[in-house]
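Take a look at the structure below.
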Amino acid sequence: MINAIWVILLVTGVIVAALNGRIDVVTEAVLGGAKQGVIVCGGLLSIVVFWMGLMKIAEAAGLVQSLAKLIYPLARFLYPSVPKDHPAMGSIVANMSANMLGLGSAATPLGLKAMQQLQDLNPHKDRASDAMCTLLAVNTSGLTIIPATVIGLRMQYGSTNPTQIVVTTLLATFLATTCAVFLDRYFRARERRKGGWQV
Amino acid sequence: MMQVAQWFAAWSLPLIIAFIPVYAYLIKKVPVYDTFIDGAKDGFSTVLALLPHLVGMLVAVTVFRESGAMELLVNALNPLLQPLGVPPEFLPMALLRSISGSGSMAVMTDIFQTHGPDSFLGRLASTMQGASDTTLYVLTVYFGSVGIRKARYAVKVGLLADLASVIAALFVTHWFFG
């Protein structure tokens, strides 16, 4: 899909430029866009390097585990099919906490470990279990407390108040995650009613 | 309410930046500076991995905008989207968000450059970028890692949740900055 979008953007751009009789714009835009990409990375480098260092400290201080303890009751509610003391539960809450702290690089391995452990509980190995679908729904809606990269980019483009979007992001991500959880429950119930998959 | 939100926005980051090292050093006895350097090193590879994506996407987006194609799209969709409170320039970003995180980030920086990060569009794009994750990437990596081939309703839920995050971002941005 990403391939199609990329080609469509480029090709419509070239065609429209040609129709407008301004084909020279394309070369300029290519060079300008590429330069912009490198400049953005330069700006990102400063904030990402700092933020990843800080988050490493958070990880070493056990803040991921502290947050995990806090959200454990929520996880019990979200994953009723996972036994209480199964190791999968530990990986699930660790994955959620790492995501909330914006530790993307730590969150993915934890999420994959959770998937592996959920697979042990899964009776049909090629079909996603209820808990797997929930893990996916929660992960794709992306609960993050501090959107550090976005703040960094806003700074780079001269925002007078780069952190202004922290509250709106929190509210939006909270609403979206709540929706994802409800949609997950709704489609599961509908599937049961239709008698699609029997567990 | 707005006052509290403003206060929270201004203070959350400084408080976190102060709290983490102090807590780690004084209570958990973590060698904070060495740990910081250790983690910061990974920042390099993270950004370097992003570079080709940003260059590729920004070239495509810039060609699309500079050629006048973006203007055509905006003009065509404006009568449809304006009553809903959706700026048409936001559409490419909303479409890209579930497919490619670096792609939507590229569109966001293009919006920052063209309209400014403090414009309504800039704030909307910022909120959108942080409010969601790349559904198709997560789906492929997570299910692929354990060999799940029947995803049941997971794709539907992921994409509908993305739509929900677009609507939520629009709603919240209008509410706070509209």
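Chains as they are written, first to last, in our numbering: chain A, 1 to 199; chain B, 200 to 377. Ideal Cβ positions, reconstructed from N, Cα and C, are used throughout, including at glycine. This structure is a prediction, so every number in the text was calculated from the model and none was measured.
Nearest to Leu295 of chain B by alpha carbon, out of B:Pro251, B:Val273, B:Thr333, B:Thr372?
-> B:Thr333
Mind pulling the chain A residues with CB within less than 8 Å of Pro286 of chain B?
-> The contacting residues do not exist; Pro286 of chain B stays about 15 Å from chain A at best.
Please state whether DSSP places Lys56 of chain A in a helix, a strand or coil.
-> helix
Does the distance from the C-beta atom of Ile347 of chain B to that of Ala324 of chain B stay below 7 Å?
-> no
By how many angstroms is the C-alpha of Met155 of chain A removed from the C-alpha of Ala330 of chain B?
-> 19 Å
Taking only beta-carbon atoms, is Met368 of chain B less than 7 Å away from chain A?
-> For clarity, residue 368 of chain B is Ala in the given sequence; the question names Met instead. It does; some Cβ of chain A falls within 7 Å.
Chain A contact residues for Ala217 of chain B, given Cβ-Cβ distances below 9 Å | Neighbours of Ala217 of chain B on chain A: none; closest Cβ ~11 Å, over 9 Å.
Near-chain A residues of the segment 305 to 336 of chain B (beta-carbon distance less than 8 Å), N- to C-terminal order = Ala305, Met307, Thr308, Asp309, Phe311, Gln312, Gly315, Pro316, Asp317, Gly321, Arg322, Ser325, Thr326, Met327, Gln328, Gly329, Ala330, Ser331, Asp332, Thr333, Thr334, Leu335
For the alpha helix (DSSP H) that Ala389 of chain B lies in, which residues bound it at each end?
-> Nothing about residue 389 of chain B can be reported from this structure: the residues present for chain B run from 200 to 377 only.
Inter-stretch contact (C-beta, 8 Å, three-pair minimum) for the segment 20 to 30 of chain A and the segment 249 to 256 of chain B = no
Do we get a CB-CB distance below 7 Å when we pair Lys228 of chain B with the residues of chain A?
-> no
Phe77 of chain A versus chain B: which residues are under 8 Å apart at the beta carbon?
-> Result: empty, since nearest Cβ-Cβ is about 17 Å, beyond 8 Å.
Taking 7 Å as the cut-off, decide whether the C-beta atoms of Leu78 of chain A and Asn95 of chain A are in contact.
-> no
For Tyr72 of chain A, decide whether its Cβ has a neighbour in chain B, counting only Cβ atoms nearer than 7 Å.
-> no
Determine the contact status of Val345 of chain B and Gln65 of chain A, defining contact as a CB-CB distance below 7 Å.
-> no
Using a Cβ cut-off of 7 Å, pull out every chain B residue sitting near Ala131 of chain A, in sequence order please.
-> The contacting residues do not exist; Ala131 of chain A stays about 11 Å from chain B at best.
Is DSSP giving Arg22 of chain A helix, strand or coil here?
-> coil
How is Lys228 of chain B classed by DSSP in three states: helix, strand or coil?
-> coil
Tell me whether Asp361 of chain B sits in a helix, a strand or coil according to DSSP, three-state version.
-> helix
Give the range of the alpha helix (DSSP H) segment to which Leu70 of chain A is assigned.
-> 63 to 78
Within-7 Å CB hit, Thr339 of chain B to chain A = no
Hey, could you find the ends of the alpha helix (DSSP H) Leu276 of chain B is sitting in?
-> 268 to 280
Environment of Phe289 of chain B [buried if 16+ CB atoms lie within 10 Å] | buried
Quick one: give me the first and last residue of the alpha helix (DSSP H) that Gln328 of chain B is part of.
-> 319 to 330
Leu103 of chain A versus A:Cys41, A:Trp51, A:Leu183, A:Arg127, residue with shortest Cα-Cα distance = A:Trp51
Are the C-beta atoms of Gly152 of chain A and some chain B residue less than 7 Å apart?
-> no
Pairwise C-alpha distance: Pro162 of chain A and Tyr232 of chain B | 26 Å
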